[in-house]
Amino acid sequence: MKYLITLITLAVTGAVCFGIGYAINITYFNDKTPTQPINFSHKIHAGDNQIPCMYCHIYADRSRVSGVPNVARCMGCHKVIKTDAPEIVKLTAYWDKKEPIPWVKVYNVPDYVHFTHKRHIKAGLECKMCHGDVASMSKITKVSSLEMGWCLNCHTKRDVKDGRDCWTCHK
Numbered sequence: 000m001k002y003l004i005t006l007i008t009l010a011v012t013g014a015v016c017f018g019i020g021y022a023i024n025i026t027y028f029n030d031k032t033p034t035q036p037i038n039f040s041h042k043i044h045a046g047d048n049q050i051p052c053m054y055c056h057i058y059a060d061r062s063r064v065s066g067v068p069n070v071a072r073c074m075g076c077h078k079v080i081k082t083d084a085p086e087i088v089k090l091t092a093y094w095d096k097k098e099p100i101p102w103v104k105v106y107n108v109p110d111y112v113h114f115t116h117k118r119h120i121k122a123g124l125e126c127k128m129c130h131g132d133v134a135s136m137s138k139i140t141k142v143s144s145l146e147m148g149w150c151l152n153c154h155t156k157r158d159v160k161d162g163r164d165c166w167t168c169h170k
């Protein structure tokens, strides 16, 4: 009888852990390709036209976040380029109303994570190491989880132990 209770307890605990893990996974990965207010193509901009990431994501080399381009940055080109295209008409509407584009964030890390794009850019890492081959994506898709294990795997391979990263606590 004692073994049966232990077995049932283990089974219930395992099922609960599996359920919680599954719920977190579904929540985290459910929308790997969110619908954006404007159907922006990285393939056209970064791929075909070879616009560097840093042209639009202007804060990546000096901030925690990479930043998204404001409407003025987009309109710098699209006042004259493809002005009658449906997605550019949407862009122009934001410009005319003096409203920011409400982009939907694709990559999120928990608030307790101290991550900076700046340190990774200065270390010489290319954006595609974490974000994939964005220049070939018509619609941006999350290609890495950015979970702790994923990050630690990269830091371990690169032997990053400068005392200011996760190795300080997670030895």
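Sequential numbering from 0 applies to the sequence shown in numbering that gives the first Met the number 0.
The beta-carbon is built from N, C-alpha and C at its ideal position, and this holds for glycine as well.
| field | For residue 25, three-class secondary structure by DSSP | value | Here residue 25 corresponds to residue number 26 of the sequence shown, with the count starting at 1. With a pLDDT of 46 at residue 25, under the threshold of 50, the predicted position of this residue should be treated as unreliable, though the coordinate-derived value follows. Residue state, collapsed to three classes: helix.
| residue 87 - containing alpha helix (DSSP H), residue span | For the purposes of this step, residue 87 is identified with residue 88 of the sequence shown, where counting begins at 1. Segment 85-96, the alpha helix (DSSP H) holding residue 87.
| Going by the beta-carbon positions, is the gap between residue 66 and residue 57 smaller than 8 angstroms? | Your numbering for residue 66 matches position 67 in the sequence shown. Your numbering for residue 57 matches position 58 in the sequence shown. In this structure, residue 57 lies closer than 8 angstroms to residue 66 by Cβ.
| field | Residues of its chain near residue 103, where Cβ-Cβ distance is below 6 angstroms and the 5 sequence neighbours each way are ignored | value | Within the sequence shown, the letter at position 104 stands for residue 103. Counting only Cβ-Cβ distances below 6 angstroms, and skipping sequence neighbours, we find 33 and 35.
| query | residue 171: which of 133, 0, 115 and 94 sits nearest, CA to CA? | reply | No answer is possible for residue 171: it lies beyond the span of the chain, which begins at 0 and ends at 170.
| query | Does residue 49 come within less than 8 angstroms of chain D when only Cβ atoms are used? | reply | You won't find chain D in this structure, because it holds only one protein chain.
| Distance CB(residue 137)-CB(residue 42) smaller than 8 angstroms | One-based indexing of the sequence shown puts residue 137 at position 138. One-based indexing of the sequence shown puts residue 42 at position 43. For residue 137 and residue 42, yes; Cβs fall inside 8 angstroms.
| query | If residue 139 sits next to residue 100, beta carbons under 8 angstroms apart, how far is it from one beta carbon to the other, in whole angstroms? | reply | Locating residue 139 in the sequence shown gives position 140, where the first residue counts as 1. Locating residue 100 in the sequence shown gives position 101, where the first residue counts as 1. About 14 angstroms separates the two Cβ atoms, so there is no contact after all.
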